[in-house]
Each structure stands twice: as C-alpha cells, then as structure tokens.
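Protein chains: 2
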Amino acid sequence: MSLSEVFKKGNKGYTIIAGCGRLGASLANQLSDQGRKVLIIDCDEKSFRKLSPDFGGIALKGNATEIPVLEEADIRKANIVIAVTNNDNTNVMIAQIAKEIFDIEHVIARLYDPDRECVYRELEINTICPVVLSINKVNQLMHEA
Amino acid sequence: MSLSEVFKKGNKGYTIIAGCGRLGASLANQLSDQGRKVLIIDCDEKSFRKLSPDFGGIALKGNATEIPVLEEADIRKANIVIAVTNNDNTNVMIAQIAKEIFDIEHVIARLYDPDRECVYRELEINTICPVVLSINKVNQLMHEA
Chain A
37 MSLSEVFKKG NKGYTIIAGC GRLGASLANQ LSDQGRKVLI IDCDEKSFRK LSPDFGGIAL
97 KGNATEIPVL EEADIRKANI VIAVTNNDNT NVMIAQIAKE IFDIEHVIAR LYDPDRECVY
157 RELEINTICP VVLSINKVNQ LMHEA
Chain B
37 MSLSEVFKKG NKGYTIIAGC GRLGASLANQ LSDQGRKVLI IDCDEKSFRK LSPDFGGIAL
97 KGNATEIPVL EEADIRKANI VIAVTNNDNT NVMIAQIAKE IFDIEHVIAR LYDPDRECVY
157 RELEINTICP VVLSINKVNQ LMHEA
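Going down the list, the protein sequences come from chains A and B.
Heads up: the first sequence runs through residues 37 to 181, numbered per our numbering.
Heads up: the second sequence runs through residues 37 to 181, numbered per our numbering.
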C-alpha cells in the first residue's frame with residue numbers, strides 16, 4: 037500500500053513520530069488535524085507543549101530507540117514511522133529498528149548531515165535533509181527574483 | 037536587477053553569506069564552484085573547515101551583526117546577502133542591517149521558527165524555513181509513495 041493510500045484510510049492508518057521538536061510537533065498537529073491516528077514519542081515531556089491544544093493523538097514519553105517503548109507505542113500496528121529527533125544517529129537507529137525488526141513499510145527520517153543520505157537510500161528509507169531542501173530553495177529564489 | 041541576473045553576471049555580482057554552518061558552507065561552495073564572487077563571515081574560525089579546499093571566495097572571521105565587520109566585508113558592493121547563522125534573531129538583525137542601512141537589493145534569511153515568516157514578508161526579506169520545507173517534503177513523499 038502506498039503512503040498516500042495509508043493516509044487516505046484515516047483511522048486504519050497509524051503514524052508514529054519520534055521526536056517532538058518543531059518538525060515533529062508540526063507534523064503531528066497536521067496529521068491529527070486531518071483526522072489521522074498519530075502517536076508522538078519524546079524523552080522530554082516538556083517538548084509536548086509544542087503540540088496544539090486540539091492535538092487528537094497520543095503523546096508518549098520515552099526513548100524511541102528502545103524496543104519496549106516502541107512496543108508500548110503499538111508499533112506493530114503502524115504503517116508509517118517518521119524519525120525526526122534532533123540527532124542523526126538516533127534517527128538512523130529508529131528507522132533501522134522500524135524497518136528491520138518491526139517490518140514497517142514506510143519509514144521517513146530527517147538527516148542534518150547530507151553526506152549520509154546515500155546510506156539511507158540503500159536501506160530504502162526516505163530521507164528529509166533540511167540543508168539540501170534549503171539549498172534548493174535558495175536556488176529557486178534566485179531564479180524567481 | 038533580478039537575483040538570477042545578478043548571479044549570471046559572475047564577478048560583477050558579489051554575495052555575502054553570514055554563518056558558515058552546513059547550509060552557509062554548502063551555499064558558499066556551490067556559488068564559488070559556479071565562478072561567483074563570495075565572502076563568508078563567521079565568528080568561529082573553525083567553522084571555515086567546512087569550506088571545500090577548492091573554495092575560491094573569502095572567509096572573514098567576525099560578527100556579521102557589527103557594522104565595521106560588514107564594512108570590512110565590503111558590503112556596499114554586495115548585491116545579495118544571505119543570513120544563515122544558527123540563530124534566528126541574529127539572522128533577522130543581519131537581514132535588517134543589510135536592507136535598511138546598506139540598501140542591499142536581495143536579502144535571504146533562514147528562519148528556524150516558522151511563526152516569524154510573516155514578519156519577514158512585511159520587511160521584503162526572502163526567507164528559508166527548514167521546518168516548512170521539511171513538512172512539504174513529507175507531504176510530497178506521502179503522495180509519491
């Protein structure tokens with residue numbers, strides 16, 4: 037099933053987001069607003085303040101690289117795992133655990149270091165690299181101006 | 037003159053980048069590779085290690101919010117100023133100084149906090165917001181999958 041099909045399924049699609057920073061919280065708020073089932077994990081409970089008051093998902097305090105935490109998050113039922121903590125190594129680890137141990141179909145991870153992107157591609161993990169996206173945006177601004 | 041025209045002019049276009057982090061260094065390397073005149077400013081000399089050995093521009097140690105540093109960088113000759121330090125307030129300040137005091141035509145600033153984007157728009161400063169770009173990319177991955 038494609039990611040878009042998963043999301044169209046509404047409650048039947050279940051997304052786990054690791055890391056409740058600006059990106060994680062914004063994604064969680066957006067997916068929740070769309071009526072999708074979302075669970076967000078972060079070690080720091082204070083980070084959940086970034087979630088909207090209307091957030092309809094679950095916020096779980098814990099380390100998303102630990103198997104018992106992922107089991108508590110009911111990862112086996114998830115179709116999508118998005119790893120967006122502020123640490124590339126942590127995101128790599130979460131993505132690999134989701135893919136290899138829990139056989140999650142769709143895994144997306146943020147990478148601050150663009151040089152690592154090729155590693156992820158081999159592991160069939162979708163990456164978001166803010167530096168690459170920002171460079172593309174600067175180039176676009178140059179051409180639009 | 038449009039940004040793309042400035043860049044096409046090669047040596048006649050002069051770009052100042054404030055902040056030699058991953059994004060600043062990558063942009064500096066890219067613009068230098070394209071034969072463009074680039075100067076990059078950072079408070080921390082060690083950050084210049086991120087520049088490519090082929091970098092053909094100038095690396096200036098200093099605080100880009102200080103007028104004398106910007107004058108040393110010959111800012112009056114610059115067509116484009118890109119503020120990409122790791123601090124939003126610093127980027128706001130550099131962008132405003134470039135626009136208001138030195139009348140730089142094209143100013144681009146990175147913003148970690150997406151809520152500030154509207155302020156910049158009023159000031160006619162182009163913004164790059166990695167969180168917004170990343171959210172768009174996740175949405176794109178969902179639809180492409």
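A virtual CB, placed ideally from N, CA and C, is assigned to each residue, including glycine.
- In chain order, Pro-166, Leu-169, Ser-170 make up the part of chain B whose C-beta sits under 7 angstroms from the C-beta of Pro-166/A.
- Residue-level contact by beta carbon fails for Arg-152/B and chain A, as no gap is shorter than 8 angstroms.
- Around Lys-135/A, the same chain offers Val-143 as residues with beta carbons nearer than 6 angstroms, after the five sequence neighbours per side are excluded.
- The Cβ-Cβ distance between Ala-119/B and Ile-130/B falls below 8 angstroms.
- When CB distances to chain B are screened at a threshold of 8 angstroms, the residues of the segment 63 to 87 of chain A falling below it are Leu-63, Gln-66, in chain order.
- A straight-line Cα-Cα distance of about 6 angstroms links Val-117/A and Ile-53/A.
- In the structure shown, the three-state DSSP call for Leu-75/A is strand.
- Of all residues in the segment 128 to 154 of chain A, the ones placed with a Cβ closer than 8 angstroms to any Cβ belonging to chain B are His-142, Ile-144, Arg-146, Tyr-148, Asp-149, Pro-150, in chain order.
- Taking CB atoms only, Val-174/A has a neighbour in chain B less than 8 angstroms away.
- Taking the CA atoms as reference points, Cys-165/B sits about 35 angstroms from Pro-104/A.
- Within chain B, the residues Leu-177 have their CB atoms less than 7 angstroms from the CB of Asn-162/A, given in chain order.
- Within the segment 84 to 141 of chain B, the runs of alpha helix (DSSP H) that reach at least 4 residues and sit entirely inside it are, in chain order, 103 to 108, 124 to 132.
- Short of 6 angstroms from the beta carbon of Asn-99/A, and not among the five residues preceding or following it, lie these beta carbons of its own chain, in chain order: Cys-79, Val-105.
- Counting along the chain, Tyr-156/B sits inside the alpha helix (DSSP H) bounded by residues 153 to 158.
- Two segments are said to touch when three or more pairs of C-beta atoms, one from each, lie closer than 8 angstroms; by this definition the segment 86 to 97 of chain B does not touch the segment 147 to 156 of chain B.
- Under a criterion of Cβ atoms nearer than 8 angstroms, the residues of chain A adjacent to Arg-58/B are, in order, Tyr-148, Asp-149, Pro-150, Val-167.
- For Ile-171/B, the secondary structure class from DSSP, reduced to helix, strand or coil, is helix.
- Under the DSSP assignment, Asp-69/A falls in the alpha helix (DSSP H) whose first and last residues are 58 to 69.
- Taking every protein chain shown into account, the CB of Gly-71/A has fewer than 16 other CB atoms within 10 angstroms, so this residue is exposed.
- Among the CB atoms of chain B, one or more fall inside 8 angstroms of the CB of Ile-118/A.
- When only Cα atoms are considered, Lys-86/A and Asp-90/B end up about 42 angstroms apart.
- Contact annotation: Arg-58/B and Val-167/A have beta-carbon atoms nearer than 8 angstroms.
- As the crow flies, the alpha-carbon of Ile-161/B is around 26 angstroms from that of Asp-69/B.
- In this structure, Ile-171/A keeps its C-beta atom at 8 angstroms or more from the C-beta atom of Ser-83/B.
- Excluding residues up to 5 positions away in sequence, Thr-51, Ile-53, Ala-64, Leu-67, Ser-68, Gly-93 lie with their Cβ nearer than 7 angstroms to the Cβ of Val-74/A in the same chain.
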